[in-house]
RNA sequence: GGCGUCGUGGCCGAGUGGCUAGGCAGGGGCCUGCAAAGCCCCCUACUCCGGUUCGAAUCCGGACGACGCCU
């Protein structure tokens with residue numbers, strides 16, 4: 040890594056202990072924590088998303104947790120912009136920004152920023168979305184092939200979500216996605232980072248997921264779902280697409296048993312963790328340091344903190360080279 | 001001991017002579033503003049042994065196993 044890192048990054052699949060580790064490291068290096076998690080960002084989903092609780096947030100300042108209303112739009116771009124602000128603020132306090140989370144895509148929007156997106160007309164955008172939703176996937180592909188012929192070299196199988204994105208840009212900006220990605224300048228400088236990736240064997244992870252699921256239910260997940268419903272966020276709401284919420288909803292309404300709910304939630308969480316592992320295997324910078332998720336968080340935290348101090352002590356190379 | 005039913009991949013489960021069922025579980029992979037999302041690929045089995053047939057998971061015989069009923 041050529042530049043001195045500005046942020047300390049902790050990545051890993053869900054339920055590997057990122058929260059505890061980040062808190063411990065923050066204590067050691069006088070840091071503040073930024074959550075790179077697409078779901079913990081929402082208010083009212085703290086239990087089901089295993090967001091850092093009061094025991095963490097009271098001792099260490101956290102950013103990016105429980106600050107959005109369910110239903111608000113979040114995304115990699117918005118995360119990255121907000122995150123840059125938090126990083127600057129933390130630095131201005133003379134503290135260390137620690138970015139921890141499981142949403143690898145968000146993290147990458149920070150270390151490898153996306154292009155600066157033009158204003159998209161909200162009205163045209165939503166009517167296009169509605170049209171897309173009504174079309175069979177073959178039709179979506181026909182249009183992406185026509186409007187963005189090079190897309191398929193990067194996306195062998197165009198799915199509805201990405202096809203929609205490609206068409207949105209092509210139709211609303213007059214330039215297709217391939218053009219934007221190739222020619223539009225990134226919206227910010229890459230954020231130099233020292234990245235740690237937690238790894239864990241399947242058996243242990245499975246076990247942790249199941250234990251955590253039961254703990255979440257004991258901690259009042261049912262109440263959380265009922266509160267969401269009372270606030271107008273029923274099973275159809277975007278917030279409820281987070282893992283487990285549908286099952287807890289059905290558990291609350293007596294449709295399924297507690298054990299059935301646990302089994303389904305564990306399965307879905309496991310699938311998610313697998314996707315995360317695949318992502319982390321291939322999409323993370325080569326200079327990331329991969330370590331086993333330890334039972335003893337403290338020792339690893341010491342290692343990470345020592346490494347950070349070593350990097351921070353090096354004289355900063357001249358900027359702009 | 002006799003009679004009957006059945007024996008399909010890790011599990012569930014269709015298939016009654018030729019043409020990869022399917023689902024679940026498991027594994028691998030993709031990824032530039034929905035990422036806890038969206039999507040792709042892999043896992044080709046018929047209990048065993050004979051026989052019939054150009055060809056058998058599918059028909060016939062036997063063995064073994066499971067279940068049920070009877071003695």
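Numbering (the numbering used here), first residue to last: 40 to 360.
Every residue, glycine too, gets a C-beta built ideally from N, C-alpha and C.
Residue i versus residue j: straight-line alpha-carbon distance, rounded
i	j	result
residue 310	residue 283	12 Å
residue 64	residue 231	19 Å
residue 102	residue 156	25 Å
residue 264	residue 77	18 Å
residue 297	residue 95	29 Å
residue 253	residue 192	44 Å
residue 273	residue 222	42 Å
residue 343	residue 336	11 Å
residue 308	residue 248	7 Å
residue 100	residue 67	14 Å
residue 334	residue 340	12 Å
residue 126	residue 46	8 Å
residue 212	residue 186	12 Å
residue 122	residue 150	11 Å
Residue i - DSSP class collapsed to helix/strand/coil
i	result
residue 97	coil
residue 144	helix
residue 331	strand
residue 343	helix
residue 159	coil
residue 71	strand
residue 137	strand
residue 107	strand
residue 172	helix
residue 359	Unreliable placement is indicated for residue 359, whose pLDDT of 43 sits below 50; the coordinate value is still reported in the next sentence. Looking at residue 359 - three-state DSSP - the assignment turns out to be coil, as it is neither helix nor strand.
residue 352	helix
Host alpha helix (DSSP H) of residue i (start-end)
i	result
residue 50	Element bounds for residue 50: not the alpha helix (DSSP H) but the beta strand (DSSP E), 46 to 50.
residue 129	115 to 131
residue 207	199 to 212
residue 176	176 to 186
residue 59	57 to 68
residue 190	190 to 193
Closer than 8 Å: residue i CB and nearest the ligand ADP heavy atom
i	result
residue 94	As for the ligand ADP, it is missing from this structure, which has no ligand bound.
Cβ pair count under 8 Å reaching 3, the region 86 to 97 against the region 166 to 183: no
The region 221 to 239 touching the region 320 to 338, judged by at least three CB pairs closer than 8 Å: yes
contact_flag[the region 127 to 138, the region 240 to 254] where n(CB pairs < 8 Å) is 3 or more: no
Ordered list of beta strand (DSSP E) runs contained in the region 221 to 300, each at least 3 residues: 232 to 238
Three or more C-beta pairs below 8 Å linking the region 153 to 170 and the region 205 to 221: yes
Three or more C-beta pairs below 8 Å linking the region 212 to 231 and the region 137 to 153: yes
Given 8 Å, three or more beta-carbon pairs between the region 116 to 123 and the region 48 to 64: no
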